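Using UniProt numbering, the letters of the sequence shown map in sequence onto residues 1 to 732.
To start, the structure under review is shown below, and the notes come after it.
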Amino acid sequence: IGGENFHKSQRWGYCNNVPMLFEEKPGIGGQPLLDQRPKPKYTEFPDGMGSNPPAWIAFDKQVLCFHAYFEEEVPDKNQELYRIRHCKIYFYPEDDTIQVTEPHVLNSGIDQGTILRRHRIPLPPPHEDQFYTILHFNINIEVNFYSRIFKIVDCDLYTKNFLKKMGVRVNPPGTRPHDPYITQRRQRILESTNPVRPYERFDTLKQFLEYDGQVLGFTCAWNDPECLQDGPRELVLRYYLADDTIDIREVLPVNSGRDVVPYFLKRDKLPKDAPTEMLQPGTITNYTLLNVLGKSERNKGYYIRDTLQTGAVRQEFYKDCDLKIGAVINVWGRKMVICDCDEFTKEYYRKKYGTVDFTPVQFKTPPPPEPEKPVPPYNGFGSEEDSLNSCKKLLPQAPLKDYRKFLVKDRYGMESNTLRFGAKFITEDPIDKDRKFVISYFLSDDTISVFEYTERNTGIPGGRFLDRGRIKKPGQELFKSELSEYYKARDLFVGARVCFHGHSFLLVDADEYTFSYMEKNANEFPVADVGVLLMRLKDKTESHSKEIRKTFATTDPEQTNVIDYDTFRNWIVSVTDGAFSEHEIMTLGRHYGVRDDCQTDLTFLLAGAHEKLKKNSFENFDQLSAVFVYYDREKCGVLPYETCRTICKSFRLPLSDEVLETLLTRYEDDHKQVNYHMFVHGLNWRENQIRPVPTVKGRIKKQSDWSQIPTCPPVKVVKYLPLLDDLFGKEE
């Protein structure tokens, strides 16, 4: 604070453990000056154990309520000498402020409400330099607020408990006197004005508040005698539960020739028995008025309500209990049959009346069957879908594309959503049978493209063989009315034979993404559904279970419980007589096979991971290790695979999903638990330096004959014991 703004008498101090600036400073020796008065503490609560929070925190939103009254003199009226006015005293412990309010009394003629606004009230003289605290309040005592005496007679339960905790002995509650003017004179006047026979009250507010906005809907039929040849007329009846009113609308069919009106019946109460002649307005009312004295000299009548309702015309109206399916209602002389209702109405009648049968009444004649629209055959111009749309509408529109499928199946990140197969020609030509192709199927729009490998000294350039587009299946008529059938994703699998525009291909291999995608979506690809394949294999081999077990035991004399993939494939072909395709055999081999851990060198993986981490300047290995330790509740040093993968994703490691999953798999034990200490140590390129692996320049030549057997088996060995247990059950 600057010296110009800081007064000499100001000082810093603490009040309720809150630092604040005091305006006055005492004199020498701490004695107050002549114009100073000692200021008391805000509250005098007993000290408790522990820390002392400020009062505005300890007692925040806490209020003590006392019931009191005071007497007020009335010098200018002879009917009453004084009044007893009841009030409530609110004490706020957070700052020792007090508020006094008076409840409103009907027709009192006094301004009631807040008597004293909330503020700190000083004590009466001679202690006016001090203020009221909680210790000045109790039951059956009097308090003086600005020379007005308030008698406290009681308090609420919370206030009693608060005073007891403060160590105050609470007095027994007192009695609250009544105002003599109200009890002796005002009450007799009010009783004398009450009628001997009170008027009948029509309270519809409860029904309105309970059922406002709830409407019962019914479908009705009315046989109009003037239009019998057109059949019954369909109407919609709506019953409003808020006031028991009904309105009716007519459902006009197309080209009916009738005028469109907003309502067939305007919303109102519907009488059960329609009168033969129209009643005059005012005949049916809620009250009956009697002319007591006739007309006076000023041409004014004097009327009174008739509590006996003499001569009143009573009429019954339709209620919700009268409306049910099959009932006939009288709508001002028109007999209408209730045929059906909506779901809300059914649920309402189930809960209130227990109705179960809601069988609708059939009143419409079934429409004649729509004649089939002949579609002219395809003329060869444009696509088949485009030609078909030109026949459906006068103004042709372009065929709609499946944009939802495109957004879901389009390439996103590492998900290519493209199935790639290796293929070769089905031909006896010595030149064409060695040509190799890659067939790509795009799941976003069901299109196919074909590329050819480039081989040296063959005279064939290679490259793009077939542009991307949808391909029709062979053997279909060109000029026909029906749409042609195109190749789908389930038609392509290893071992399938396809024909693209006269070129026959045999699919001999697929990439890892294709196998994984088809196995994850086994409901779309039956050849990759292990459950279906096991059921088919069980049907063919169940009767020869013992011979098959002996065959596998003979094949594995060293009891390693595994056989090589070629032996496994030959056994499947022999027991199924060639009924299983190559893709189905590979699916079983991948499911029961043992993956070779040496296929990808760990050092090579870590070297590539270190390069990625260095380029992205990732060094949060201590934080990564701390998060692993936090999730390891048992402190055993291992975590499940999914937990480790989720933690790595949260840190946004700059590694692809395939590399991250492979690294986590390398650090797994037999129980699928990842040693996260070794995993983090392997990724830490600061402490664990790995020499970069030199890359081989040039194209790696791949020797392969591309025969009907896949070029690279998915696994090298297969565990046959789990396969036999799934087929025939565990051996006893």
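All residues carry an ideal CB built from backbone N, CA and C; glycine is no exception.
On a predicted model such as this, the values are computed, not experimentally measured, just so you know.
Problem - Three-state class that DSSP yields for residue 180 in the structure shown - result: Helix.
Practice task
Let me know the secondary structure DSSP gives residue 585 once reduced to three states.
Solution key: Helix at residue 585.
Handout entry: residue 439 (DSSP reduced to helix, strand or coil)
Key = It is a strand residue.
Problem - Minimum C-alpha distance to residue 213 - residue among 231, 232, 244 and 222 - result: Among 231, 232, 244 and 222, the Cα nearest to that of residue 213 is on 244.
Exercise for the section: Classify residue 477 as buried or exposed, calling it buried when 16 or more other Cβ atoms lie within 10 Å of its own Cβ. Expected result: Using a 10 angstroms sphere on the CB of residue 477, the tally of other CB atoms stays under 16, which defines it as exposed.
Exercise for the section: Using a Cβ-Cβ cut-off of 9 Å, state whether residue 420 counts as contacting chain D. Expected result: The structure shown contains no chain D, having only a single protein chain.
Practice task
Output the distance between the C-alpha atoms of residue 703 and residue 481, rounded to the nearest integer angstrom.
Solution key: Because residue 703 sits at a pLDDT of 40, beneath the cut-off of 50, its placement in the model cannot be relied upon, and the following sentence gives the value as read from the coordinates. If I take the Cα positions, the gap works out to 49 Å.
Handout entry: residue 315 versus residue 292 - alpha carbon distance
Key = Residue 292 has its alpha-carbon roughly 27 Å from the corresponding atom of residue 315.
Practice task
Ignore the nearest five residues each way along the sequence and tell me which others in residue 439's own chain have a CB closer than 6 Å to its CB.
Solution key: Exclusion of the five residues before and after residue 439 leaves 421, 423 and 450 as the residues of its chain whose Cβ lies within less than 6 Å of its Cβ.
Exercise for the section: For the alpha helix (DSSP H) holding residue 539, just list the boundary residues, first then last. Expected result: Judged by DSSP secondary structure, residue 539 falls within the alpha helix (DSSP H) whose first and last residues are 530-541.
Practice task
Have a look at residue 42 and residue 137 and give me their C-alpha separation to the nearest angstrom.
Solution key: Only weak support exists for where residue 42 lies, its pLDDT of 49 falling under 50; the value from the coordinates is given anyway. Cα-Cα distance, rounded: 15 Å.
Handout entry: For residue 255, the nearest candidate out of 225, 267, 230 and 577 (CA to CA)
Key = Checking every option, the nearest Cα to that of residue 255 belongs to 230.
Exercise for the section: Using DSSP bridges, identify the partner residues of residue 422. Expected result: Beta-bridge pairing links residue 422 to 438 and 509.
Problem - Option nearest residue 486 by Cα separation, candidates 479, 493 and 475 - result: Ranked by Cα distance from residue 486, the options 479, 493 and 475 are led by 475.
Exercise for the section: Could you check the C-alpha separation between residue 525 and residue 515 for me, to the nearest Å? Expected result: The alpha-carbon atoms of residue 525 and residue 515 are separated by roughly 10 Å.
Exercise for the section: If I'm right that residue 323 touches residue 412 with Cβ under 8 Å, what's the distance once you round it to whole angstroms? Expected result: Contact doesn't hold; Cβ gap of about 56 Å is too wide.
Exercise for the section: Determine the burial state of residue 535: buried for a count of at least 16 other Cβ atoms within 10 Å of its Cβ, exposed for fewer. Expected result: Counting Cβ neighbours within 10 Å, residue 535 comes out exposed, since fewer than 16 surround it.
Practice task
For residue 56, collect the residues of the same chain with a Cβ closer than 6 Å to its Cβ; drop the 5 residues on either side in sequence, then sort them by chain order.
Solution key: Cβ contact annotation for residue 56 (same chain, cutoff 6 Å, sequence separation greater than five): 94, in chain order.
Practice task
Kindly indicate which residue of 108, 148 and 122 has the alpha-carbon position closest to the one of residue 71.
Solution key: Checking every option, the nearest Cα to that of residue 71 belongs to 148.
Handout entry: Per-residue burial, residue 436 [other beta carbons within 10 Å of its own, 16 or more giving buried]
Key = Under the 10 Å beta carbon count, residue 436 is surrounded by 16 or more other beta carbons and is classified as buried.
Practice task
List the residues that DSSP assigns as beta-bridge partners of residue 75.
Solution key: DSSP output for residue 75 lists no bridge partner at all.
Problem - Paired residues, beta bridge with residue 571 - DSSP - result: The partner list for residue 571 (beta bridge, DSSP) is empty, contrary to what the question assumes.
Handout entry: Reduced DSSP category for residue 86 - H, G, I as helix; E, B as strand; rest coil
Key = Three-state DSSP puts residue 86 in a strand.
Exercise for the section: Please work out which residues of its chain come closer than 6 Å, Cβ to Cβ, to residue 248, disregarding the five sequence neighbours upstream and downstream, and give them in chain order. Expected result: Answer for residue 248: 235, 237, 264 and 265, listed in chain order.
Handout entry: Contacting residues, own chain, Cβ-Cβ under 7 Å from residue 718 (five flanking each side not counted)
Key = Taken in chain order, the residues that qualify are 562, 563, 565, 568, 589, 592 and 593.
Practice task
Can you check the stretch 646-700 for any beta strand (DSSP E) of at least 3 residues that lies completely inside it and give the ranges in chain order?
Solution key: Complete beta strand (DSSP E) runs here, min 3: 673-675.
Handout entry: CA-to-CA distance, residue 659 to residue 529, given in whole angstroms
Key = Roughly 26 Å between the two C-alpha positions.
Handout entry: Buried or exposed by the 16-neighbour rule on C-beta atoms within 10 Å, applied to residue 328
Key = Exposed, by the Cβ-count rule.
Practice task
Starting from the Cα of residue 483, find the closest Cα among 267, 397 and 380 and give me that residue.
Solution key: Its Cα nearest to that of residue 483, the residue 380 stands out among 267, 397 and 380.
Exercise for the section: Buried or exposed for residue 341, please, with buried defined as at least 16 other CB atoms from any protein chain shown within 10 angstroms of its CB. Expected result: Burial of residue 341 is indicated by the presence of at least 16 other C-beta atoms within 10 angstroms of its C-beta.
Handout entry: Backbone CA spacing between residue 520 and residue 507 [nearest angstrom]
Key = Their backbone Cα atoms lie some 21 Å apart in a straight line.
Problem - residue 500, buried or exposed, once every other Cβ within 10 Å from all chains shown has been counted against 16 - result: Buried, by the Cβ-count rule.
Handout entry: Range of the contiguous alpha helix (DSSP H) that encloses residue 221
Key = The continuous stretches of alpha helix (DSSP H) do not include residue 221, which lies in the beta strand (DSSP E) extending over residues 215-222.
Problem - Counted within 10 angstroms of its Cβ, other Cβ atoms place residue 353 as buried (16 or more) or exposed - result: Looking at its Cβ environment, which holds fewer than 16 other Cβ atoms inside 10 Å, residue 353 is exposed.
Handout entry: Opposing strand residues paired with residue 265 [DSSP bridges]
Key = Partner(s): 248.
Handout entry: residue 309 - DSSP class collapsed to helix/strand/coil
Key = Of the three classes helix, strand and coil, the one that applies to residue 309 here is coil, per DSSP.
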